[in-house]
Each structure stands twice: as C-alpha cells, then as structure tokens.
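Those protein sequences? They're chains A and B, same order as listed.
Quick note on numbering: the first sequence equals residues 1 to 768 in the UniProt record's numbering.
Quick note on numbering: the second sequence equals residues 1 to 768 in the UniProt record's numbering.
Where is the CB? At the ideal position from N, CA and C, for every residue including glycine.
This one's a predicted model, so the numbers in the text were calculated from it and none came from an experiment.
Heads up, the thing below is written out as structure tokens.
Number of protein chains: 2
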Amino acid sequence: MNNIYIQPDNWSIIEEGFEAKRVKSSESLMSLGNGAMGQRANFEEHYSGETFQGSYVAGVYYPDKTRVGWWKNGYPEYFAKVLNAPNWIGINVTINGESLDLAKCNKVENFRRELNMKEGWLSRSFTATLQNFIEVKVETKRFLSLEIDEIGAIEYHVTPLNNDAQINFSPYLDNGITNEDSNWDDKFWDVLSVNHEDEQAFIVSRTMKTNFYVCTAMQTQVSLNGEILEQDKTVNDAIDTIAFTYQNQVTKGDTITLTKFGGYTSDRNHDKNELITVAKKTLNQVTELGFSALLEQQKQAWAKIWDMADITIEGDVAAQQGIRFNIFQLNQTYLGKDARLNIGPKGFTGEKYGGSTYWDTEAYCIPFYMATKDQQVAKSLLEYRYHHLEKAIENAEKLGFTNGAALYPMVTMNGEECHNEWEITFEEIHRNGAIAFAIFNYFRYTGDFSYIPEKGLEVLIGIARFWQQRANFSEAKNKYMILGVTGPNEYENNVNNNWYTNYIAKWCIDYTIETLAKVKEGYSDDYSRIIGKTKLTDNELDLWKEVANNMYFPFSETKNVYLQQDGFLDKELITVENLPKSQRPINQKWSWDRILRSPYIKQADTLQGFYFFEDHFTIEELERHFDFYEPFTVHESSLSPCVHSIQAAKLGRMDQAYEFYLRTSRLDLDDYNHEVEEGLHITSMAGTWMSIVEGFGGMRIVNDTLSFEPKIPAEWNGYSFKVNFRNLILKIHVTKSETKFELEGHRDLEILVNGKAVTISANNLVTV
Amino acid sequence: MNNIYIQPDNWSIIEEGFEAKRVKSSESLMSLGNGAMGQRANFEEHYSGETFQGSYVAGVYYPDKTRVGWWKNGYPEYFAKVLNAPNWIGINVTINGESLDLAKCNKVENFRRELNMKEGWLSRSFTATLQNFIEVKVETKRFLSLEIDEIGAIEYHVTPLNNDAQINFSPYLDNGITNEDSNWDDKFWDVLSVNHEDEQAFIVSRTMKTNFYVCTAMQTQVSLNGEILEQDKTVNDAIDTIAFTYQNQVTKGDTITLTKFGGYTSDRNHDKNELITVAKKTLNQVTELGFSALLEQQKQAWAKIWDMADITIEGDVAAQQGIRFNIFQLNQTYLGKDARLNIGPKGFTGEKYGGSTYWDTEAYCIPFYMATKDQQVAKSLLEYRYHHLEKAIENAEKLGFTNGAALYPMVTMNGEECHNEWEITFEEIHRNGAIAFAIFNYFRYTGDFSYIPEKGLEVLIGIARFWQQRANFSEAKNKYMILGVTGPNEYENNVNNNWYTNYIAKWCIDYTIETLAKVKEGYSDDYSRIIGKTKLTDNELDLWKEVANNMYFPFSETKNVYLQQDGFLDKELITVENLPKSQRPINQKWSWDRILRSPYIKQADTLQGFYFFEDHFTIEELERHFDFYEPFTVHESSLSPCVHSIQAAKLGRMDQAYEFYLRTSRLDLDDYNHEVEEGLHITSMAGTWMSIVEGFGGMRIVNDTLSFEPKIPAEWNGYSFKVNFRNLILKIHVTKSETKFELEGHRDLEILVNGKAVTISANNLVTV
C-alpha cells in the first residue's frame, strides 16, 4: 500500500496536514460528482505544485485519433475519451499582492480536508503564512448540487490573522484546458464566446469533431463577516478565459468570503442557442436560494440516497468507511436519470478509461443499481446496449462476421469500438456474454419479463449469432471450440478455449433459444416482429444448437478442475505465496511475455463463471476450483477481490472473505495498486457492495424468491443493508447471533433464510 | 500482381512510357546502391506528382522515440531507423522560365528508363513538350561508384528540339528532408554549415541524438555538345540548401549537359573536422577522372562481381531477369567491406524496416555471401553479432533473464532492441536460433573452425543459456516446454510449443555442448578464457542437458506430423485453395484475430526447421510435412517461397518448385504483395539465390564435401552458377541432359553428384 493517510471515520474522508506528495491522491479520493458533472478535488486557488486538473461533463466526449505503434486491420480510427471540461471552480486569491499558493507559503498549518459523504460536500481549512508574513485562515466548502444538477457551489472564506490585509479574489472560468491522456495534443475545444453580465460570466464552447456545445457559467458574490458587499470589480477576459477581480481591504480578524456558483449547460439537454439563457436562469435561481439553502437541499437529497443505499457496519470503522466511500462514489457517478449515460470505470475522477463503458457495468454494477434504486435505473442500463445494437452488428461485420451477429465493443461512448490492442479489442469477446447475462439477471431479480420481448431478445439474438459464428469445429477433438481469445484474466492473451468464454458462449445460445420459446408462447406479436426483423430461421437455430450442445470445455482429470484455457497446466505452477514480494505487482515488475506465460491470474476467470452460474455447480466443485485457482491470483485488477470475497464467504472462509472485502472496499482509500492519483476505480465499487450483500449476507434469487444465508466476519459486531426487491424494501440487519428482517411496503414477502421459507410481514420486524 | 510493366530483358530493368502511377514503384525497383550509400530512383529535376524521396547513408541512423497505443513493460524506448539523408542528386531545370516537371508537361513521349545491372547504372530519356510548347529531349545517366564509394555521378543532357531556348540548370544539395515513417515528426538533422567554393558545394550536418556528422557534397560542370563551358553561375544558399544556377541560351538541336558528382563523407570513416577536406579531395579526383572514365571503372567493378555471382538461365528471360535483379540488389546493399554494417530488409530502397538488422541475415543471406564472396564477408556478418553480445545479454536481462543469457534483438542497428510489438519483440525469440545456426553453417561451409573458439562460442553460450532459462517444466506432460512464442510464421502469436522454436532451441543447446567439448579438446587456452569469462559450470551444463534431452515436440499420431504448435489441429483446417480470392491477401482483408485463429501460414515454419536440419529427417518425413503444411501457406512473407521452392525441388516436384522460384525471384518486379512502392525485399533476394543453387542445383555440404543433385525446370534449357568453396571456384552448368563442373584453382576437388563421388580437376571441365 502506497499512501495511507485518510483518517478513520464512519461518514467522512478526512485528510489532516498538508503534504504536497498527497495532493494528486486526494484530488482523486475527494472528487465530487452529481451524475451530470464532476470534478477532481483540485484547489480553487492557484497551486503551482504537482496537480492533476480535471472537470468533466457527463456524456461530453472527444474521439481522439487512435495512436498505435503498428496498425492491425480492424482497429478503430479513434478512442472516445472523456474530455477535460472548462474549469469553473477557480478562485485566485492574492494577499497584499502575493498569490496564495500552498506550494509557496512559508508555512501551512492545521490543513484539513473533509469529504462529507453523508451530506455530499467537500470542505478544506488551513492557516497559511505567506512569504510576505501575512497569516491567513482559509475555509472553503464546495458541492455539486444533486437537485439542480447543472450547478455547483463554493464558499471561500479568508481571515487575516496577524495583520490587516488587501485580499483580492479573482474567480474565473477557464476554457484553456487540455487532456493529459491526449494522443496527439489535438485541440479538443473551440471557444465560441466569452461574455459577462453583472456578476455572471459565460464561456460558450464547442467540442471539436463531436460538436457538443457547452456553456460554462459562474456567478460570484463577496461578503464580509456574512454581510453581502456591493462593490466594483474589474473584468479580465481573454480568448478562452474570463476572471472578475474583487479588491478588499480586510481588517485583521474579519472574514471576507467569496461565494461562487458555477457549472455547465449543454446541448445534450438544451437547444444550443439557449445555453446562456438557461445558465443565467439557473444561476439566478440558486443565487436567490443562497448557498445555505442549496446545501440544505443537498443534505436532504443525499439523505434520501443513503436511506436506501446505506450499509452500516458496527465495530469496524475502516470497513464502514470503505463501503460508504464506495456507495457514495457510485452515486456521484451514476444516478440513472439519463439513459444515454453509463458508468465509466473512473467516473468523474480522472481521464484514463474515464467515462467510457466497459463490461464492468453489466458484470458488476447492475446488481447494485437494481437493489438500491428503482428498477427503471437498471432497465436504462440495459436499454443503453439495446440502442447500441446496430453499432455492435457493424463492429462484428468489421471483424468478418455476418448475418446480424453482434459484438459489443470493449470500450465505448456511442456504441462504436474505441479500444486498440488486438488482444483486447478483437479477442476479449467474453464481454458479449456479460451483456446477455445482465438481461437474464435483470429478469431474475425484478421479475419484469416485458423488457425481453420489447428489446432484450434482439440483443440476445445478435449475441447468440456471434457465438455460433465465432466457434469453430475441431475435427481433432470432435467439439466446437473458441480459439484466440482473452478472458477476464487479461494476464493471458490469445488463448484457446478460455473456459469462462466457452461457458458463457454456450449459455448465451441456450438462454436465447429458451427465451425465444418463451416469447413465442407468451408474446406472439413481439415474436413475429422480431423474427421478421432478424430473419432468424430454424436452420440457423439448428446451427446454434449444434455449437451449444457440442461446446468444448478444457478439463483436467488429474486435478479434477476445469482449466482456465487449454495450456494452463503446461505452465510452471508456482503459487503466488512463493513469488518474492520484490516481484510484485507483476504488471510493474515483469515484461508482458513473462506475465503471459506465468500462471498468475489478474482477476477471477474460471471463478467469475462459477460466480455467474453458481447454481450450475456443487459447493464441492466451487471449493475445488477456488482452491486450485485462488493461489495463483494476484488480484491486480480492481474487479478481482469482490468475486473471491463472495465465494470465500460461501465456502465459510470468513477470514479470507473479510480480507478480500477490505481489499476491494479500501482499494482506493489505501491505494493498493499505487495508482489512485489517476482516479478512482468506480465500477469495482459495485463489487464491494456485492461482497457484503451477496457475500456476507448470502443474498440470492432462488426461483423468484429472495434468499439469504447470513454470515458475519469475526471483526464485526453487526451490519445492515437494504434492498429494493420488486418494489418492496427489505432491511436486513445481521449480528453474530441473529438476523433481523424488516419490510417496508404494502404486502408480505416470503423469503428463504438458510434455505428455509420465512414470511416477512409489511412493516414488521422478523428476527431469525 | 499489381503492376507488371517491366520489359523482359536478360540484363536490364526497363520501363517504357511515362505513367504517373508507376513512379513510386519504379523509384523502388531502380534504386541504386554501392554498399556505402544508396538512393531511390527519384528524378533529378523537380517532380510535383506522387513520389517517395529517399537517399541513405549506410550506418547513419536515428533512434526515433517509440510510439505505441498501450505501453507494455519491457518495450524499448526507441526504434532505430534508417535516416533519409540529404539529397545530392537534385538538378532543377527551367526552360524559358518554365520548370521542367513531368507531372505538368503538355506531353511526355518516348519515356524510357533502364537500370543496367550488368554495368551498374541507371539511365532515363524522354521527349517532353512543356506548357510553353518548347519541346526538349532529355537524357540522363546516373550511378553510384563501387570503386570510390563516397561518390556518385550524373550526366543530364537537354536538347531543345523545336526552338532555341533558355535552359537553366540548378543543381542543388538539400538537407531539408524528413522521414515519411517518423513517429513524432522530430527533426532528425541539424545543419551545421553550408559552403561553396568554385564549382563545389558542401553541407555539413549532424544527426540528432546519434551525432553522426555527414558532409553532403557536389561538384558541377556544364558542357555544350560535349565541350566544357566556363561560365558564371549564381549561388543561392539557405539554412539547409544550396543551389548553383547556370543560365544557357541553347540553339535548337544543340545539347546542353550538366555533369554532377556528389555524395557523402561521414565521421563513421573520417575525422569529423575533415569531412569537407575529404569530400573536396574526392570531388577533385573524380572530376579529373571524368564521368566516362568513372563509368568505365564502374563497368569493370560490376563485371568482377558478376563473374563470381552471376547465375545464367537459358530459355526463360523472366527467370533470368528475376535472378539477376536479386543478385544485383544484394550487391548494391551489402558488399562486406564494413563489418559494422549489415543487410537491411529494405536496403537503400525505402524507410520501413530499412537498414536495420533482422534474423534474415543469418537465415537467408549468409549462404549467398559465403558462396559468392570471400569467406571474410560471412565472417564479418558473424562478428557483427559477436560485437552485440553484451547488448543481447542486457536485452535478456530487461526481460527477466539472468547469468549471461543472451536474447538477440528482433530489429537492431547497434545491438539494442528496437521493435515494439510484444508478440514480436518479446516472443519471436526463434531469432536467437538462427544466429547460432549461422555459426554452425559458416563452419560447415568454410571449414574454418577458428572463428568458434575466438568468438562464436561465447555467442553460443549466451544463446544456450537463454533457451535453458526460457523453457519451463510442465508437470502435466513431464517435458520441457517453451510457452508464449511467435514462430517464423507470424500469423500465429503467443502460441505454446512452436515446433520450430522448440527444435532449434534444443539444437542450440546440443550444439553448444558439442562445441564446448571440441574447443576444450583442441583450443584449451581459448576454452579456459571463455569458461573464465562466462563462469560456466558443470551444474549449469547439467541444467542445459536436462532441458535439451527432455524437450517437448507437439506431434499428431493421426496425421503423423509434427504440429506447428500445440493448438494447430484445433483450427478449422480449410486449405488455401478453398479460400475465396476476394479474401486475399488475408493481411489486407482480415482482422488480426481472424488471421491468428485461421490455419493460414505466412511463411514456412515447421518447414523452415526441415530446411535448416534437413539431414535430421527422412525424405518421407519431409514429404509428409510438406504435404501437410504447404496447402495452408499463403506466402505473405517474402521469406516464404524460397524454402518451399528448395523443398519442392528436393521432392522432385519441379513444376511447383519453379512456380515458387518465380514468385520469390520476381516478388518485387511483379509486385506480388502490392507494396513495392515502399521499397524492395532485399533479404529475401538471397532466398532466391538459394532456390536455384540449393533447390535446383541441390547443393549441400555433406561431411565437408560439396554435394549436388542437379535438376532443371521444364521451362529452362539450362542454367549455371558459381560457388566459392573453401577458396576454390566451382562453376556448375546444368542442362536437361547433363551437368558440367568446371573448377578454377590450384588443386582438385572431390564432390558428390547425386550421391556419387566425382573428382574435379583444377581448370578442367567435367561432364556428368
């Protein structure tokens, strides 16, 4: 672990003391987001030390021209990346003419930052002695409104402590921003206008190529000891920036405050000619409301989220802080309000992979959103892929597939493939399976079959077609095989018969056939429409069945386990515990070929299949495979520990389950992978939630029934979580001795607890 | 085939008629080189159409910063590439004020170019009508002197045909050149000075990073109807160019001529402060000699080369032209005079891969140079790798190997790895085997063992160490394996147990052990020195033996063949003849993953092993493997057809052998792979030579004895070649009915013909 400095606290992420080397980590950890926009926890005032500046507007991306060393046929022309958006939070401060810059002060004391997750705000306070020996106390608070999601607010207080001082504020907007991960140093933004009116300023700009129009806006206000000052300002505008400057002579001990509202309006939501008008209206609205009232709304909005999504853990503050951090960041990233959006692996906390959609959504995030939100949210996530079906078919065509076969992209913003490593782009095709699985999972959990005849079945058909075409018949083995793939374990590339891929491929075909029959029976109009549209024939179905019924699965008689891929047993099978610490993480210490031919597993691969299809296997089979593969797993993917935690819990290995839980829940807080500076691992945070609910709580759906097998780590006194199951809210509280179930709602719910049926009455507490 | 327009001719490459779309192809095909420098056949005068400009100085390279999409640990920081060098051939011409530009003339007639391979010069002639209606006849001749290899010469004649005309020549030097394959558009050259004195001009420049100092120089002279004119000129110099302008009023029918000598001196051969002085001296020398006398020298120098290296083919002009083109280009690229140089796959004819060293040298080129030059030339090529041994050890260390294991780079200029595709850079490790094989092959052919104790053994030890460490024990198969490699067939990546790689790895270890014993016995001082230096222990030798004696070779009982790699039989085994033409070449039509999982072979892989180690297998085994693999081979590597040609000949399948021969010998002339515009395939040209000598001639070394099994394609009346075998020159002439052997030299030679011993007396013709 890199950099453990976050104070233990049940509800907040707290940093104490200023250390320049932590700045970039804290910028990631204390990022703010409201689903519509987000930003790293950059300082408002100028900071000349090392920092990674980032503001982001959901859905506003840039297709950066692909950069490769050696082009391979089929590579996409561009990589859609999240754009660093204009900065609206900036407030430069000078004190007696000297710029306040934490990197250059004589002294910085009592530095404290708090990301208050309960109420959704970020505060910072410190006492600084400048080079001119003026000592000031600074206190700031900032949040991005959940209620009015085009707006954020900042209060910035400065109190001179040892002298009267001339304190000038220069709040500004800055469109002169770049992406650190730009491939060709292209210009991403074209500024169209820079305006101001009264205390408001606006920059309208357009993204190159994608032509998103965005208005970045601010409104500012100065007060002294809480009283608003009416005062003159100077305005400095340039080609891509605008700043107001307020000059204030402040008496020692008095507090001068700049209040700044700011944010974005974009033509994703408004007419592009109305962007300033809408921004103006919103700024007027929040100015009238005032900072405090807006903050009060924020607390209430977060209280509503927490009421449904919170997990409490008693007796283990690190674990409690970890899970809340995960739940908080997931909600900052995606709230399900906008079906055009998805959950980027880095959310609004960084650039790399940021904002784009991966299979993480289907494999890890959907269960969290199904259980903690209205089921419409998960449905939106499914629909996102439905809307991309045509592009997935085009993507498959580029790779030589025909007849409506669909290959969903590895990384995407608008349905087109963006990634460009052949072993991933072309070969990590298991992603298609997760997309089908999510359709199954959504129905299993919500009981809402209607999505399938409406939209889901078309997606399933495209996916089944892909798998049938992608498999080939091996005469030598008299079976169908899937050659040349990369499984979820990306530490093996271009392998044959990755067990996970073959298994989910067969399952996709079987499930599509089964679903076709159900739709034919119950939704004949939809069935006719879909058959007409997809031109699916009985002949083709026979081909599907031929492949699914004769799929090859590598298996070792000696070890009595399915093999991750054909060649796994030929490797030198030295377990991770025998690997010197100096060699880890292997992705930083070893060359790629050495990783590939090693037995080390980046993330659960065979075990991922056992997780999805748990009911296909006995507990003994799970145990055997867990015992075989876990010792080779280095968990260098953020998506790895959660599945292991769930399976360890199922096997009753609570110590191990707890260890994996901590690792997944505090991955970023404790910076296990030495990379938190670049941003947070948002999608894996949903895996943390699963570790508790499915792992410790043992929650499953068994034949349309919620089922629990509650367990509790030795370190904990108790834990609780809530789930929304088919519009009934069930609260589960587990202690070492008992489990309490409490149902909110209008009707009874029959559940299974450790395999036994228990009926929970509405608004009644049941203890088991 | 793309673009067949080269006229059939025994000794020349002739193009008739001007077509803009052929310009880049002809620029490649008619490239000139003299081992020390080279250039594409760019026009001297300005040409505004599509052209690929290129001049190159042997050994002057630039380490271009690596560009990748996704960095993998272990990638080298840069790719050393051949540099486009300052242009010295340029002669701009204006006629009555209009620039002579073949892309803009009203009419171009009687356009003809000839690359005369017998005498080593390039000529061009045409009649052009300009937009100003002046009609001129132009005739040029150009060559790069073999004798004085820092100099080339041009004669450029213009005759106004329909009017008197003002004809101005502006010969120039231009250092404002760039590389088309530059990764980052870096500046490669830094110009230090631009000077002129009398009719000479000089630009001294330095390469960035590598700091090669190069002086580009010219001397010019104007004559009218063969009489030298003393006349004034104007000089235009700029920051990186210098031009002289000569103005001439020419009477209709008179011929005005510019003679230009030019070239390079560099600090690879001279003190960097003497570059201008040396250039001046050389220019004076050739000016005194004159164009015609220098050309006469050139003819004699080429006559000497042809006397030894020529292959004649009777009755098949396409085949004759093909082989001479190959021999000519090889000699233009590398003459063996400078042990610091090697044979770049594109020689002096293009940029991509250009000038760098690949395994092609050891696998394909050494036999040609051994047989057609003094044996010192082949020895220099071996020494090149000896000098890079330390870097090869460093390269292996970067990939995790220890204890002096050496991995030679895939692509290199100075011994450091340059390439950056993980599946090649890290995995195409078979290259190490070819480097060891060349040492064996050199000794087998020349009988000169002395190189081995002096230098070769150290290389062998480093290579054997690499193989032992790179193999791993598979408990499942109770054998040693080599996992995660790319064989010579680059259409499979990251496969396990590539038969060729495993076979050559075992052979390397066995051969090193055998050689160690021989050196111990016969060269005990060298042995002690080497053991001291390498710290080789008996323990380590035991490890080597353990691996070599227990190496795994994938084999199919059903097919009774060795398998190219573990998974080969699981592929869909559809032969090439069943692949629609529209799908070929697959490297242009298919995505990379599809190629990888297909059975299609880019170049001989298992068969390459059967070629190197022919005497380890029976003819029946060869036939079985040839019949199994050839139908899957698409020959999309220039290195593929020659091996197939040799083996088809051995199997008595002369039609097939002939077809492969044509394909290899006319690969560039007939542009089989649609890429001749980028440059020629120099290294595979040595394979063409092998196709005749080893394939049709059946030449082998059997127990220190030259052996022949002559065959002849039905299309030919006869063919002949010469070989230098241990300082005896043997000429072989094969016709349909008989084979004649003629020996130059001082002693008899016993050879085998079709397995029977025949003694050839010196200076006597023997007919068999």
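Review point. Comparing the C-beta of residue 569(B) with each C-beta of chain A, is any distance below 7 Å?
Key: yes
Point to revise | 3 or more residues per run - each beta strand (DSSP E) lying fully within the stretch 234-292 of chain A | key: 234-237, 241-250 and 256-266
Exercise for review: Taking only the alpha-carbon atoms, compute the straight-line gap between residue 377(A) and residue 691(A) and give it to the nearest angstrom.
Suggested key: 21 Å
Check your understanding: Is the beta carbon of residue 362(B) less than 7 Å from the beta carbon of residue 309(B)?
Key -> no
**Study point:** Best match in 709(B), 727(B), 722(B) and 713(B) for proximity to residue 758(B) [C-alpha to C-alpha]
**Key:** 709(B)
Check your understanding: For the putative contact between residue 118(B) and residue 11(B), defined by C-beta atoms under 8 Å, what is the C-beta separation to the nearest angstrom?
Key -> 4 Å
**Study point:** N- and C-terminal bounds of the alpha helix (DSSP H) containing residue 370(A)
**Key:** 366-372
Review point. Quick one: which chain B residues come within Cβ less than 7 Å of residue 578(A)?
Key: None at all; the shortest Cβ gap to chain B is about 15 Å.
Exercise for review: Identify each residue in the stretch 61-89 of chain B for which the Cβ-Cβ distance to at least one residue of chain A is less than 9 Å, and report them in chain order.
Suggested key: 66, 67, 68, 69, 70, 72, 73, 74, 75 and 79
**Study point:** Nearest candidate by alpha-carbon position, reference residue 426(A), set 403(A), 454(A), 382(A) and 493(A)
**Key:** 493(A)
Practice item. Can you pull the chain B residues whose beta carbon is under 9 Å from the beta carbon of residue 581(A), in chain order? Key: Neighbours of residue 581(A) on chain B: none; closest Cβ ~16 Å, over 9 Å.
Point to revise | Spatial neighbours of residue 215(A) in its chain, beta-carbon cut-off 6 Å, leaving aside the 5 residues before and after | key: 202, 204, 265, 275, 276 and 279
Review point. Which residues of chain A have a Cβ atom closer than 9 Å to the Cβ of residue 426(B), listed in chain order?
Key: 591, 592, 593, 594 and 596
Exercise for review: State yes or no: is the beta carbon of residue 673(A) nearer than 7 Å to at least one beta carbon in chain B?
Suggested key: no
**Study point:** Alpha carbon of residue 461(A) to alpha carbon of residue 405(A), nearest angstrom
**Key:** 8 Å
Practice item. Would you mind stating whether residue 245(B) and residue 257(B) have Cβ atoms separated by less than 7 Å? Key: no
Check your understanding: Any idea what DSSP makes of residue 215(A), helix, strand or coil?
Key -> strand
Point to revise | residue 387(B) - containing alpha helix (DSSP H), residue span | key: 375-387
Practice item. Using alpha carbons as the reference points, say which of 433(A), 496(A), 489(A) and 25(A) lies closest to residue 481(A). Key: 496(A)
Point to revise | Option nearest residue 547(A) by Cα separation, candidates 506(A), 520(A) and 519(A) | key: 506(A)
**Study point:** CA-to-CA distance, residue 530(B) to residue 155(B), given in whole angstroms
**Key:** 56 Å
Review point. At which residues does the alpha helix (DSSP H) containing residue 209(B) begin and terminate?
Key: Residue 209(B) -> no alpha helix (DSSP H), and no H or E assigned at all.
Exercise for review: Output, in sequence order along the chain, the residues in the UniProt domain "Glycoside hydrolase family 65 C-terminal" (699-759) of chain B whose CB is closer than 8 Å to any CB in chain A.
Suggested key: none
Point to revise | Close beta carbons around residue 380(B), own chain, < 7 Å, minus the five adjacent residues each side | key: 336 and 339
**Study point:** Rounded straight-line distance, which links the Cα of residue 79(B) to that of residue 683(B)
**Key:** 20 Å
Check your understanding: Is the stretch 285-292 of chain A touching the stretch 104-117 of chain A, taking contact as three or more C-beta pairs under 8 Å?
Key -> no
**Study point:** Proximal residues to residue 55(A) (C-beta, below 6 Å), its chain only, five neighbours per side dropped
**Key:** 39, 85 and 87
Point to revise | Runs of alpha helix (DSSP H) wholly within the stretch 487-574 of chain B (minimum 4 residues, chain order) | key: 499-522, 524-534 and 538-549
Point to revise | Residues from the stretch 468-487 of chain B in contact with chain A, defined by Cβ distance under 8 Å | key: 472, 473, 474, 475, 476, 477, 481, 483 and 484
Exercise for review: Give the residues of chain B in contact with residue 630(A), contact being defined as C-beta atoms less than 8 Å apart.
Suggested key: Here the premise fails: no neighbours, minimum Cβ distance about 19 Å.
Review point. Would the beta-carbon of residue 283(A) fall within 7 Å of that of residue 219(A)?
Key: yes
Review point. If you run the structure through DSSP and keep just helix, strand and coil, what is residue 196(B)?
Key: strand
**Study point:** Cutoff 7 Å: residue 544(A) Cβ touching any chain B Cβ
**Key:** no
Exercise for review: Let me know if residue 281(A) comes out buried or exposed under the rule of 16 or more other beta-carbons within 10 Å of its beta-carbon.
Suggested key: exposed
Check your understanding: Taking buried to mean at least 16 other C-beta atoms within 10 Å of its own C-beta, is residue 657(B) buried or exposed?
Key -> buried
Check your understanding: With a CB to CB cut of under 6 Å and the five nearest residues on each side skipped, what residues in its chain are close to residue 717(A)?
Key -> 314 and 315
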